[in-house]
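Engineer: I'd like to ask some things about the structure below.
Residue numbers (full-length UniProt numbering), protein chains in the order written: chain W, 1 to 301; chain R, 1 to 301.
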């Protein structure tokens, strides 16, 4: 699982920082998460092939998460894309994109599928045999969802030595891989846990931005491997965080701790701060394993 | 009169080039012309004060001329702008901007005035006592206007030596400045041309992009000081120019020549060309005084 941060600063694009967008590479998918103005240029800069992007997940319709989407869709069209593109985002996103395309008398050469969200409960929005993507309802000034990306556990590795010891026929191997117990000819039942190893913990990634501090997301992101949680402010600006419905680094760390996350990845910093290391320092007082997102940063898990 | 090119490449933003946007400084106005994605970052990069921009002229609603506008409007809002902003552009621009603001639950702290255009005849869209802005109806794949910016001739410089010679009272100076003749006490009429000098030729700037080659614009831009005319292609791609309703460098030079322009400024180059000097070379075979627009280039007239 690889995460590439294309932009992770709040509010407005600047010459030195970009608004929110990131790419998650998981089980051969290249998911684009949020798409602030300038995302297509960041994709080019970091040499991410446009054609690998088939699913775009938009958290909410504020500019710093969304205003680059229409340009990306148009560029895909100008480059002659043929592959389908799926857009997941709040209700209204379809109307906006279609209106902008219509005004430019520009229709896409490829199929554009909109998956509009309205629910305040977590729901599965994408699933194949290897990955599942669910929404994480967040609390912000407009309707907002984070997204949880989970690898599925496909099969349990066989403990061949034990299996051979019981002289189990190969015909049963698939059943064992899928977690089944085995009844021997003499009637003894051998538990699956004896015949297999625990599979490696599947990768999972929770993207949570923008949101005020809320523990309602904990049941959804419990035990997540990597939690990206916004930290727009430091604790000394907690009043601004509350007022603008954002989070402090300390609050993000609290969420990571309560969710029993393995790693916390910070981002969505207010541009008022000169040194983003302060966010890491503040979060680490609560939760040790904190990584700092920054434009262009790449992480592999 | 100063022109700053923020971006002048066709189609899509790239890491090294920007879509169309430019700033025209004329008679204390700072007019923004077109606003492709990334324009706000280009404005920051070139240290153009956001607050000086009060009028934005959009030629047409293709992304490379328009997709940066909503981000600019939003950023103005986030920065607490209070000054009015006037937007001139094709009908539909208001619906698009208001929808995007509504979806983000984001209303501007300042007054936003839309001047929507539908006419196929040239019309005055802005006028004060020093400058007049008129549309230049162009021919492109969607409804498109260029814009003609003209300084007004405000007054004729007095020829003080002659005036004193005729012993004309100071009370008449304003009348003379405005072009009036003077009748002396002995009945002699002194022509204004004897009492004043010709004022310097007023600056004028015609922005013409995007358009197929069309001579219908000639009466509007006749004798213009600086003609910015798109030249998306070189003549060897004339078939593409026609197909996509763009212009070649040679055609742009033809327009400059027929319009009796003083200077031709080229731009809106297709990104297929590695060397934009070829555009200048091709145009200069027809029209000598050719300047090359390029991102970040500044011109003063």
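Even glycine gets a Cβ: it sits at the ideal position worked out from N, Cα and C.
Check whether the segment 51 to 64 of chain W touches the segment 26 to 39 of chain W, taking contact to mean three or more Cβ pairs, one atom from each stretch, closer than 8 angstroms.
Structural biologist: yes
Engineer: How would you write the range of the beta strand (DSSP E) that residue 145 of chain W sits in, first residue to last?
Structural biologist: As a first step, residue 145 of chain W must be located in the first chain, where it is residue number 145. Start and end: 144 to 151.
Engineer: From residue 147 of chain W to residue 207 of chain W, what distance separates their C-alpha atoms?
Structural biologist: Looking up residue 147 of chain W in the first chain gives position 147. Looking up residue 207 of chain W in the first chain gives position 207. Looking at the two C-alpha atoms, the distance is approximately 5 angstroms.
Engineer: Between the Cα of residue 90 of chain W and the Cα atoms of W:120, W:248 and W:266, which residue gives the shortest distance?
Structural biologist: Locating residue 90 of chain W in the first chain gives position 90, counting from the first residue. Minimum Cα distance to residue 90 of chain W is reached at W:120.
Engineer: Using a Cβ cut-off of 7 angstroms (strictly closer), state whether residue 57 of chain R contacts chain W.
Structural biologist: By one-based count along the second chain, residue 57 of chain R stands at place 57. It does not: the Cβ of residue 57 of chain R has no partner Cβ on chain W nearer than 7 angstroms.
Engineer: When the cut-off is 7 angstroms and only beta carbons count, does residue 21 of chain W lie next to chain C?
Structural biologist: In summary, chain C is missing from the structure at hand, where the protein chains are W and R.
Engineer: Within the 7 angstroms Cβ cut-off, does residue 277 of chain R reach chain W?
Structural biologist: On the second chain, position 277 is the one that residue 277 of chain R refers to. Residue 277 of chain R does not count as touching chain W.
Engineer: According to the neighbour-count rule (16 or more other Cβ atoms, all chains shown, within 10 Å of its Cβ), is residue 16 of chain W buried or exposed?
Structural biologist: Counting from one through the first chain, the residue named residue 16 of chain W turns up at place 16. Answer is exposed; the Cβ neighbour count stays below 16.
Engineer: According to DSSP, is residue 1 of chain W part of a helix, a strand, or is it coil?
Structural biologist: Stepping through the first chain from its first residue, residue 1 of chain W is reached at position 1. Residue state, collapsed to three classes: coil.
Engineer: Does the contact criterion of 3 or more C-beta pairs under 8 angstroms hold for the segment 98 to 110 of chain W versus the segment 76 to 89 of chain W?
Structural biologist: yes
Engineer: Residues in the same chain with beta-carbon distance under 7 angstroms from residue 256 of chain R, minus the five sequence neighbours each way, listed in chain order, please.
Structural biologist: As a first step, residue 256 of chain R is located in the second chain; it is residue number 256 there, counting from the start. 227, 229, 264 and 287.
Engineer: By alpha-carbon positions, which one of W:167, W:197 and W:200 ends up nearest to residue 185 of chain W?
Structural biologist: Position 185 of the first chain, counting from 1, holds the residue named residue 185 of chain W. The residue with the shortest Cα to Cα distance from residue 185 of chain W is W:167.
Engineer: Any C-beta of chain W sitting closer than 7 angstroms to the C-beta of residue 13 of chain R?
Structural biologist: For the purposes of this step, residue 13 of chain R is taken as the residue at position 13 of the second chain. Closer than 7 angstroms to some Cβ of chain W, the Cβ of residue 13 of chain R qualifies, so yes.
Engineer: Where do the ends of the beta strand (DSSP E) carrying residue 31 of chain R lie?
Structural biologist: Numbered from its first residue, the second chain carries residue 31 of chain R at position 31. Note, residue 31 of chain R: beta strand (DSSP E), 29 to 33.
Engineer: Grab the span of the beta strand (DSSP E) containing residue 26 of chain W for me, first residue to last.
Structural biologist: Taking the first residue of the first chain as position 1, residue 26 of chain W is located at position 26. Where residue 26 of chain W is concerned, the enclosing beta strand (DSSP E) stretches over 21 to 26.
Engineer: Spell out the partners DSSP gives residue 227 of chain W in its beta bridges.
Structural biologist: By 1-based counting over the first chain, the position of residue 227 of chain W is 227. Partner(s): W:206 and W:264.
Engineer: At least one CB of chain W closer than 7 angstroms to the CB of residue 103 of chain R: is that the case?
Structural biologist: Looking up residue 103 of chain R in the second chain gives position 103. Yes, its Cβ sits closer than 7 angstroms to a Cβ of chain W.
Engineer: What number of angstroms, rounded off, separates the C-alpha of residue 23 of chain W from the C-alpha of residue 297 of chain W?
Structural biologist: Within the first chain, residue 23 of chain W is the residue found at index 23, counting from 1. Within the first chain, residue 297 of chain W is the residue found at index 297, counting from 1. Cα to Cα, the separation comes out at about 11 angstroms.
Engineer: Could you name each continuous beta strand (DSSP E) segment of 3 residues or more that falls completely within the segment 83 to 115 of chain W, going from the start of the chain to the end?
Structural biologist: 85 to 90, all fully within the segment 83 to 115 of chain W.
Engineer: Under 7 angstroms between beta-carbons, which chain R residues line up against residue 96 of chain W? List them in chain order, please.
Structural biologist: Walking along the first chain from the start, residue 96 of chain W turns up at place 96. Those are 99, 100 and 103, listed as they occur along chain R.
Engineer: If you compare alpha carbons, which of W:196, W:181 and W:221 is closest to residue 135 of chain W?
Structural biologist: For the purposes of this step, residue 135 of chain W is taken as the residue at position 135 of the first chain. If we check each option's Cα against that of residue 135 of chain W, W:221 comes out closest.
Engineer: In chain order, what residues of the same chain have a beta carbon less than 6 angstroms from the beta carbon of residue 71 of chain W, not counting five sequence neighbours either side?
Structural biologist: Sequence index remark: in the first chain, residue 71 of chain W carries index 71 (1-based). Only 40 meet the Cβ criterion.
Engineer: Which residues share a DSSP beta bridge with residue 7 of chain W?
Structural biologist: In the first chain, residue 7 of chain W corresponds to position 7, counting from 1. Answer is W:21, bridged to residue 7 of chain W.
Engineer: For a contact meaning CB atoms closer than 8 angstroms, what does residue 44 of chain R contact in chain W?
Structural biologist: Locating residue 44 of chain R in the second chain gives position 44, counting from the first residue. 14 and 15, listed in chain order.
Engineer: Write down the C-beta distance between residue 211 of chain R and residue 144 of chain R rounded to the nearest angstrom, noting that I regard them as a contact closer than 8 angstroms.
Structural biologist: Within the second chain, the letter at position 211 stands for residue 211 of chain R. Within the second chain, the letter at position 144 stands for residue 144 of chain R. Under the criterion of beta carbons closer than 8 angstroms, residue 211 of chain R and residue 144 of chain R qualify as touching, at roughly 7 angstroms.
Engineer: Consult DSSP for residue 212 of chain R and reduce its assignment to one of helix, strand or coil.
Structural biologist: The residue labelled residue 212 of chain R in the question sits at position 212 within the second chain. In this structure, residue 212 of chain R counts as coil in the three-state DSSP scheme.
Engineer: Since residue 190 of chain W sits in a beta bridge, which residues does DSSP pair it with?
Structural biologist: What you label residue 190 of chain W is simply residue 190 of the first chain in a count that begins at 1. BP columns for residue 190 of chain W point to W:182.
Engineer: Among R:279, R:271, R:95 and R:124, which residue has its Cα nearest to the Cα of residue 12 of chain R?
Structural biologist: The residue labelled residue 12 of chain R in the question sits at position 12 within the second chain. Closest by alpha carbon: R:271.
Engineer: Within the same chain, show all residues whose beta-carbon is closer than 7 angstroms to that of residue 20 of chain W, passing over the 5 residues directly before and after it, in chain order.
Structural biologist: On the first chain, position 20 is the one that residue 20 of chain W refers to. Here the set comprises 7, 8, 34, 36, 64, 65, 209 and 268.
Engineer: Going along the chain, which residues of the segment 31 to 43 of chain R sit with their C-beta nearer than 8 angstroms to a C-beta in chain W?
Structural biologist: 37, 38, 40 and 41
Engineer: Does DSSP put residue 258 of chain W in a helix, a strand or coil?
Structural biologist: On the first chain, position 258 is the one that residue 258 of chain W refers to. Residue state, collapsed to three classes: helix.
Engineer: Could you give the residue range of the alpha helix (DSSP H) that holds residue 162 of chain W?
Structural biologist: Translated into the one-based positions of the first chain, residue 162 of chain W becomes position 162. From DSSP, the alpha helix (DSSP H) with residue 162 of chain W extends over 160 to 165.
Engineer: Nearest to residue 84 of chain W by alpha carbon, out of W:52, W:69 and W:95?
Structural biologist: Within the first chain, numbered from 1, the residue matching residue 84 of chain W stands at position 84. Among W:52, W:69 and W:95, the Cα nearest to that of residue 84 of chain W belongs to W:52.
Engineer: Can you check whether the C-beta of residue 87 of chain R is within less than 7 angstroms of a C-beta belonging to chain W?
Structural biologist: If you number the second chain from 1, residue 87 of chain R lands on position 87. Not closer than 7 angstroms to any Cβ of chain W, the Cβ of residue 87 of chain R fails to qualify, so no.
Engineer: Can you list, in chain order, the residues of its chain with a C-beta nearer than 8 angstroms to that of residue 273 of chain W? Leave out the 5 residues immediately preceding and following it.
Structural biologist: The residue given as residue 273 of chain W occupies position 273 in the first chain. Only 234 and 279 meet the Cβ criterion.
Engineer: Confirm, please, whether the CB-CB distance from residue 214 of chain R to residue 139 of chain R is below 7 angstroms.
Structural biologist: Position 139 of the second chain, counting from 1, holds the residue named residue 139 of chain R. Position 214 of the second chain, counting from 1, holds the residue named residue 214 of chain R. Yes, they are a contact pair.
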